[in-house]
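K.L.:
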Amino acid sequence: MNKNNLVIGINSGTSFDGVDAALVEFKNGSFRFVKGVSFNYPKIVKEKLRKLINNNSNTSLKEISQLNFLLGEIFANAALKLIKSAKLTTKDILLIGSHGQTIFHHPDIETIGNYKIKSTLQIGES
Numbered sequence: 005m006n007k008n009n010l011v012i013g014i015n016s017g018t019s020f021d022g023v024d025a026a027l028v029e030f031k032n033g034s035f036r037f038v039k040g041v042s043f044n045y046p047k048i049v050k051e052k053l054r055k056l057i058n059n060n061s062n063t064s065l066k067e068i069s070q071l072n073f074l075l076g077e078i079f080a081n082a083a084l085k086l087i088k089s090a091k092l093t094t095k096d097i098l099l100i101g102s103h104g105q106t107i108f109h110h111p112d113i114e115t116i117g118n119y120k121i122k123s124t125l126q127i128g129e130s
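Just so you know, the numbering used here puts the end of the sequence shown at 130, numbered straight through with nothing missing.
(1) Given this structure, state the Cα-to-Cα distance separating residue 39 from residue 84, to the nearest angstrom.
(2) Which two residues bound the contiguous beta strand (DSSP E) that contains residue 72?
(3) Per DSSP, what are the beta-bridge partners of residue 109 in this structure?
(4) Which of the three DSSP states, helix, strand or coil, is assigned to residue 24?
(5) When DSSP builds the beta bridges, which residues end up paired with residue 119?
(6) Excluding the five sequence neighbours on either side, which residues of its own chain have a C-beta within less than 7 Å of the C-beta of residue 86, listed in chain order?
(7) State the beta-bridge partners of residue 12 as determined by DSSP.
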């Protein structure tokens, strides 16, 4: 395993039940899955996300900001646990990519001024 080509991908689904982290080695234009881990969100995090996603009109910007940073910590912990379980160090990892947790998704085209847009919003401060 070439430690200079190791990448971690972090993903959390729209079910907001937890986070998955995958360790992948890239080499000569191809990749190889090395190891993966999944972690459930703590109950309080699930409840806060459910409240935000299902009824965001009653969620304050403070709560969204707090969840943004809290999820960043959870994603970082998932990456660190994956690194440790693979018997690696953080210096062995080339990069980490994270999509974030989707809290809003509106795929329909809307017109704002002269712009036609779709929108989606993810949180999880990296």
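By construction, the Cβ of each residue, glycine as well, lies at the ideal position given by its N, Cα and C atoms.
P.N.:
In brief:
(1) 13 Å
(2) No beta strand (DSSP E) contains residue 72, which is instead part of the alpha helix (DSSP H) from 65 to 89.
(3) 124
(4) strand
(5) 116
(6) 12, 25, 27, 39 and 41
(7) 27 and 100
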